[in-house]
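Presented below is the structure to which this report refers.
In my numbering, the protein residues as written are 1 to 373.
Rendered as structure tokens:
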């Protein structure tokens with residue numbers, strides 16, 4: 001997906017293919033920068049802000065427009081980290097030598113593809129429903145500024161304008177989907193390799209045909225595996241941290257606007273679309289927040305597995321290495337959103353609480369009481 005969006009590596013490309021790919025990357029960047037401008041133009045010139053349903057539908061997407069631009073910029077500046085992460089995964093996978101471990105690696109890849117599919121479904125359903133609802137009401141989905149087609153000229157112009165808006169949203173959603181799914185796939189990958197390391201730790205000094213030196217070498221390999229996992233996390237941390245910080249800020253605003261829309265102004269059809277859109281917005285932060293909590297728990301379980309491994313009667317170098325290993329593992333893998341707060345389920349709950357508080361504040365201020373439903 002990243003390659004299709006112009007964010008992939010060009011190291012293996014020929015000279016001509018590199019130039020063409022750079023042109024494509026430039027077009028994607030230009031589109032990314034223009035999206036917030038387009039929504040501002042639309043709010044100023046074309047969107048009927050006196051109609052509450054139209055206003056809130058536009059606001060829900062508008063809050064995501066600058067977030068899409070910022071997240072795309074973060075990915076573009078840090079795409080080398082993704083390439084480095086792939087190289088680290090290749091090194092980490094070299095330890096998966098048994099048939100069972102290879103099967104687990106393939107299951108992980110399948111699980112990641114399944115996650116991408118789920119994100120596709122969740123993100124594209126509200127967009128498609130909004131298109132159908134807009135066509136039935138006789139206006140484009142978002143009524144974006146379009147200097148080439150005036151949808152008021154007739155049914156044909158309405159369809160052309162609506163389809164153009166739909167494809168614009170599809171491309172933006174495709175890019176947003178890739179950006180939002182990356183942290184979750186990264187988190188599941190970290191959990192999988194910690195789990196496999198856990199299994200190797202439990203096998204330490206369990207094979208009677210291995211000498212003490214061979215057991216020590218196996219322990220050293222486990223320590224190196226843990227170091228590779230830490231390197232993998234440290235490499236991706238800046239990308240994940242900045243992306244999640246933007247997503248937390250965006251989700252709080254989107255949730256507040258969707259709640260106001262859902263409670264006060266939405267009819268049955270737009271209410272269903274808004275509820276699905278709100279669920280899709282939660283997928284920006286909730287799955288990875290929950291995964292981060294599970295990673296901390298996995299680190300604690302790994303430390304317990306090391307302590308309860310069969311180290312009694314081992315050599316002094318083995319025990320010294322084991323103490324060092326426990327000390328390193330007891331420092332849990334924690335990710336910080338923007339380097340400010342830990343990414344965890346509690347923060348996600350706080351964001352939801354903030355959205356409810358913001359909705360209550362706006363309702364008490366009676367800002368939208370004179371808007372048409």
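Beta carbons are placed, not taken as given, at the ideal position from N, Cα and C, and that holds for glycine.
Assumed close pair residue i, residue j - CB separation to whole angstroms, cut-off 8 Å
{"i": "residue 303", "j": "residue 326", "result": "6 Å"}
{"i": "residue 335", "j": "residue 237", "result": "6 Å"}
{"i": "residue 377", "j": "residue 38", "result": "Any property of residue 377 remains undetermined from this structure, which presents the chain solely from 1 to 373."}
{"i": "residue 298", "j": "residue 344", "result": "Between residue 344 and residue 298 the Cβ distance is about 14 Å, and since that is not below 8 Å, they are no contact."}
{"i": "residue 116", "j": "residue 181", "result": "6 Å"}
{"i": "residue 22", "j": "residue 225", "result": "At roughly 38 Å, the Cβ-Cβ gap does not stay under 8 Å, so residue 22 and residue 225 are not in contact."}
{"i": "residue 157", "j": "residue 135", "result": "In fact, because the Cβ distance is near 12 Å, the residues do not count as touching under 8 Å."}
{"i": "residue 41", "j": "residue 174", "result": "Contact doesn't hold; Cβ gap of about 23 Å is too wide."}
Same chain only: Cβ atoms within 7 Å of residue i, ignoring 5 sequence neighbours per side
{"i": "residue 280", "result": "122, 123, 126"}
{"i": "residue 218", "result": "204"}
{"i": "residue 257", "result": "56, 59, 60, 63"}
{"i": "residue 133", "result": "269, 270, 273"}
{"i": "residue 235", "result": "81, 84, 85, 88"}
{"i": "residue 93", "result": "105"}
{"i": "residue 102", "result": "96"}
{"i": "residue 91", "result": "228"}
{"i": "residue 289", "result": "343, 344, 345, 347, 348"}
{"i": "residue 118", "result": "none"}
{"i": "residue 111", "result": "188"}
{"i": "residue 233", "result": "190, 333"}
Sequence-distant residues of the same chain with beta carbon closer than 6 Å to residue i, five excluded per side
{"i": "residue 322", "result": "311"}
{"i": "residue 242", "result": "74"}
{"i": "residue 315", "result": "212"}
{"i": "residue 239", "result": "78, 81"}
{"i": "residue 200", "result": "222"}
{"i": "residue 300", "result": "none"}
Same chain, Cβ closer than 8 Å to residue i, neighbours up to 5 away in sequence not counted
{"i": "residue 169", "result": "61, 127, 141, 142"}
{"i": "residue 70", "result": "246"}
{"i": "residue 351", "result": "248, 251, 252, 255, 285"}
{"i": "residue 319", "result": "311"}
{"i": "residue 202", "result": "305, 309"}
{"i": "residue 191", "result": "291, 294, 295, 298"}
Status (buried if at least 16 other CB within 10 Å, exposed otherwise) for residue i
{"i": "residue 284", "result": "buried"}
{"i": "residue 33", "result": "exposed"}
{"i": "residue 349", "result": "exposed"}
{"i": "residue 130", "result": "buried"}
{"i": "residue 108", "result": "buried"}
{"i": "residue 77", "result": "exposed"}
{"i": "residue 317", "result": "exposed"}
{"i": "residue 165", "result": "buried"}
{"i": "residue 308", "result": "exposed"}
{"i": "residue 329", "result": "buried"}
{"i": "residue 189", "result": "buried"}
{"i": "residue 346", "result": "exposed"}
{"i": "residue 193", "result": "buried"}
{"i": "residue 99", "result": "exposed"}
{"i": "residue 12", "result": "exposed"}
{"i": "residue 206", "result": "exposed"}
{"i": "residue 30", "result": "exposed"}
{"i": "residue 20", "result": "exposed"}
Whole-angstrom distance between residue j and residue i, CA atom to CA atom
{"i": "residue 184", "j": "residue 291", "result": "7 Å"}
{"i": "residue 209", "j": "residue 215", "result": "10 Å"}
{"i": "residue 313", "j": "residue 198", "result": "21 Å"}
{"i": "residue 221", "j": "residue 228", "result": "10 Å"}
{"i": "residue 139", "j": "residue 151", "result": "8 Å"}
{"i": "residue 24", "j": "residue 18", "result": "10 Å"}
{"i": "residue 113", "j": "residue 287", "result": "15 Å"}
{"i": "residue 68", "j": "residue 306", "result": "43 Å"}
{"i": "residue 35", "j": "residue 337", "result": "25 Å"}
{"i": "residue 176", "j": "residue 72", "result": "8 Å"}
{"i": "residue 295", "j": "residue 187", "result": "8 Å"}
{"i": "residue 363", "j": "residue 353", "result": "15 Å"}
{"i": "residue 359", "j": "residue 46", "result": "26 Å"}
{"i": "residue 15", "j": "residue 65", "result": "34 Å"}
{"i": "residue 260", "j": "residue 324", "result": "54 Å"}
{"i": "residue 120", "j": "residue 333", "result": "29 Å"}
{"i": "residue 230", "j": "residue 148", "result": "52 Å"}
{"i": "residue 262", "j": "residue 137", "result": "18 Å"}
{"i": "residue 178", "j": "residue 223", "result": "33 Å"}
{"i": "residue 155", "j": "residue 282", "result": "36 Å"}
{"i": "residue 27", "j": "residue 172", "result": "13 Å"}
{"i": "residue 167", "j": "residue 244", "result": "26 Å"}
{"i": "residue 339", "j": "residue 264", "result": "37 Å"}
{"i": "residue 159", "j": "residue 278", "result": "26 Å"}
Scan the region 264-338 and note each continuous alpha helix (DSSP H) run of 4 residues or more that stays entirely inside, going in chain order. 268-282, 286-307, 316-329
Completely contained beta strand (DSSP E) runs for the region 78-102, where each covers 3 or more residues: none
Which runs of the alpha helix (DSSP H), 4 residues or longer, sit entirely within the region 93-169? Every alpha helix (DSSP H) stretch that sits fully inside the region 93-169 and reaches 4 residues is listed by chain position as 99-137.
Could you give the uninterrupted runs of the beta strand (DSSP E) lying entirely in the region 161-224, keeping only those of 3 residues or more? none
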